[in-house]
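Read the structure below first, then the notes.
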Amino acid sequence: DAGITQSPRYKITETGRQVTLMCHQTWSHSYMFWYRQDLGHGLRLIYYSAAADITDKGEVPDGYVVSRSKTENFPLTLESATRSQTSVYFCASSELGALPGANVLTFGAGSRLTVL
Amino acid sequence: AQSVAQPEDQVNVAEGNPLTVKCTYSVSGNPYLFWYVQYPNRGLQFLLKYITGDNLVKGSYGFEAEFNKSQTSFHLKKPSALVSDSALYFCAVRDMPTGANNLFFGTGTRLTVIP
């Protein structure tokens, strides 16, 4: 299926556990992003990646780790989950800046994470 | 630093009436501006963008937005609201040129269209 897929869609975990949220895109977009959505904050950027093996911090990176060994995958790991990381997480992708479709982010359906 | 403000958490409008969802921005250079819509339990969907050119931008589902540089605003508008337009709307900005292709989002405005 074409598009951007996130898994799992729903996850409940306990404080201190490691959690990995997966993101897979089929467009070969260069850029990929992880946002978290919280009431009153809108979407805040956690990490982004400009290409395979290139990642950079966003606005709220603490407590998260990312990797991008392949262009199509961009997993987000919470190494030791905390209650403040309860949120809805969105993965997104976009083309390089100079192309016609650039700057338009395409989002996955989201992963709702609850940390007890 | 770039930022986006959506001053209204909630907008209610009667079906068939015109709607406006407000957005103001702050950037150091020329902005790229976007509107996205989010339906329940879904990811955000792109509506329209302003990069350069005409200040009035037309997008999906009959929406349009007007870029006003002097007021640093990019309000979303639609001449006649539909019940199906009820959703959460996000304004976003990218300060260009920057090295990153990422957007900064506002806190969102929940639009409710009343039948």
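Protein sequences, first through last, are from chains A and B.
In this text, residue positions in the first sequence follow this note's numbering: the first is 12, and each later residue adds one.
In this text, residue positions in the second sequence follow this note's numbering: the first is 418, and each later residue adds one.
Glycine residues also receive a C-beta, built at the ideal position from the N, C-alpha and C atoms.
* **Distance between lysine 81 of chain A and serine 91 of chain A (C-alpha atoms, nearest Å)** => For the purposes of this step, residue 91 of chain A is taken as residue 80 along the first sequence, with counting starting at 1. For the purposes of this step, residue 81 of chain A is taken as residue 70 along the first sequence, with counting starting at 1. If I take the Cα positions, the gap works out to 24 angstroms.
* To do: Count the other CB atoms, across all protein chains shown, that sit within 10 Å of the CB of threonine 526 of chain B; report buried if there are 16 or more and exposed otherwise.
  => Translated into positions along the second sequence, residue 526 of chain B becomes position 109. Buried.
* Asked: Mind checking if arginine 52 of chain A is an interface residue toward chain B, Cβ cutoff 8 angstroms exclusive?
  -> One-based indexing of the first sequence puts residue 52 of chain A at position 41. Here residue 52 of chain A is histidine; the residue named in the question, arginine, does not match the sequence. So, interface residue.
* Which residues in chain A sit within 8 angstroms of glycine 523 of chain B, going by Cβ to Cβ distance? -> For the purposes of this step, residue 523 of chain B is taken as residue 106 along the second sequence, with counting starting at 1. Going along chain A in sequence order, the residues near glycine 523 of chain B (Cβ under 8 angstroms) are Gly53.
* Tell me where the beta strand (DSSP E) around aspartate 49 of chain A begins and ends. => Within the first sequence, numbered from 1, the residue matching residue 49 of chain A stands at position 38. Start and end: 42-49.
* Asked: Do you know offhand how far lysine 494 of chain B's Cα is from alanine 431 of chain B's?
  -> By 1-based counting over the second sequence, the position of residue 494 of chain B is 77. By 1-based counting over the second sequence, the position of residue 431 of chain B is 14. If I take the Cα positions, the gap works out to 14 angstroms.
* With a cut-off of 8 angstroms, does the C-beta of glycine 14 of chain A fall near any C-beta of chain B? -> The residue given as residue 14 of chain A occupies position 3 in the first sequence. Chain B contact via Cβ: absent.
* **Limits of the beta strand (DSSP E) - the one that phenylalanine 484 of chain B falls within** => As a first step, residue 484 of chain B must be located in the second sequence, where it is residue number 67. Per DSSP, phenylalanine 484 of chain B belongs to the beta strand (DSSP E) from 481-485.
* Ignore the nearest five residues each way along the sequence and tell me which others in serine 18 of chain A's own chain have a CB closer than 6 angstroms to its CB. => On the first sequence, residue 18 of chain A is found 7 positions in, with the first residue counted as 1. Closer than 6 angstroms at the Cβ level, and outside the excluded window around serine 18 of chain A, lie Met33.
* **Residues near leucine 56 of chain A by beta carbon distance below 6 angstroms, same chain, minus five either side** => Here residue 56 of chain A refers to the residue found at position 45 of the first sequence. Tyr46, Gly69 and Glu70.
* Going along chain B in order, which residues have a C-beta closer than 8 angstroms to the C-beta of asparagine 114 of chain A? -> Taking the first sequence and counting its residues from 1, the one referred to as residue 114 of chain A is at position 103. The answer, in chain order, is Tyr449, Phe451, Lys466, Ile468, Arg511, Asn518 and Leu520.
* How many angstroms separate the CA atom of phenylalanine 451 of chain B from the CA atom of tyrosine 21 of chain A? -> On the second sequence, position 34 is the one that residue 451 of chain B refers to. On the first sequence, position 10 is the one that residue 21 of chain A refers to. For phenylalanine 451 of chain B and tyrosine 21 of chain A, the distance between alpha carbons rounds to 28 angstroms.
* To do: Give the straight-line distance between the Cα atoms of phenylalanine 85 of chain A and tyrosine 467 of chain B, rounded to the nearest whole angstrom.
  => Indexing the first sequence from 1 puts residue 85 of chain A at position 74. Indexing the second sequence from 1 puts residue 467 of chain B at position 50. Computed Cα separation, rounded: 28 angstroms.
* Would you decide whether glutamine 488 of chain B is buried or exposed? Buried here means 16 or more other CB atoms lie within 10 Å of its CB. => Translated into the one-based positions of the second sequence, residue 488 of chain B becomes position 71. Result: exposed.
* What is the DSSP secondary structure of glutamine 29 of chain A, counted as helix, strand or coil? -> Translated into positions along the first sequence, residue 29 of chain A becomes position 18. Here glutamine 29 of chain A sits in coil by DSSP.
* **Span separating the alpha-carbon of phenylalanine 484 of chain B from that of leucine 464 of chain B** => The sequence position of residue 484 of chain B within the second sequence is 67, counting from 1. The sequence position of residue 464 of chain B within the second sequence is 47, counting from 1. Near 15 angstroms, if we compare the C-alpha coordinates of leucine 464 of chain B and phenylalanine 484 of chain B.
* For tyrosine 58 of chain A, I'd like the list of residues in its chain whose CB is within less than 8 angstroms of its CB, leaving aside the five on either flank, ordered along the chain. => For the purposes of this step, residue 58 of chain A is taken as the residue at position 47 of the first sequence. So the qualifying residues of the chain are Phe44, Trp45, Thr66, Asp67, Lys68, Gly69, Pro72, Tyr75, Val77 and Leu87.
* Asked: Can you tell me whether DSSP reads glutamine 96 of chain A as helix, strand or coil?
  -> Stepping through the first sequence from its first residue, residue 96 of chain A is reached at position 85. Helix.
* To do: Kindly list, in the order they appear in chain B, the residues whose Cβ is closer than 9 angstroms to that of aspartate 118 of chain A.
  => Numbered from its first residue, the first sequence carries residue 118 of chain A at position 107. Inspection of the sequence shows that residue 118 of chain A is occupied by phenylalanine rather than by aspartate. Tyr453, Gln455, Arg459, Gly460, Leu461, Gln462 and Phe463, listed in chain order.
* Have a look at arginine 94 of chain A and leucine 50 of chain A and give me their C-alpha separation to the nearest angstrom. => The residue you call residue 94 of chain A lines up with position 83 of the first sequence. The residue you call residue 50 of chain A lines up with position 39 of the first sequence. Spanning the two alpha carbons is a distance of roughly 15 angstroms.
* Which residue or residues does DSSP assign as beta-bridge partners of tryptophan 38 of chain A? -> Residue numbering aside, residue 38 of chain A sits at position 27 when the first sequence is read from its first letter. Partner(s): none; tryptophan 38 of chain A has no beta bridge.
* Tell me which same chain residues have a C-beta within less than 7 angstroms of the C-beta of threonine 441 of chain B, skipping the five on either side of it? -> Against the second sequence, residue 441 of chain B aligns to sequence position 24. For threonine 441 of chain B, where only same-chain residues beyond five positions count, the Cβ hits under 7 angstroms are Ala422, Thr489 and Ser490.
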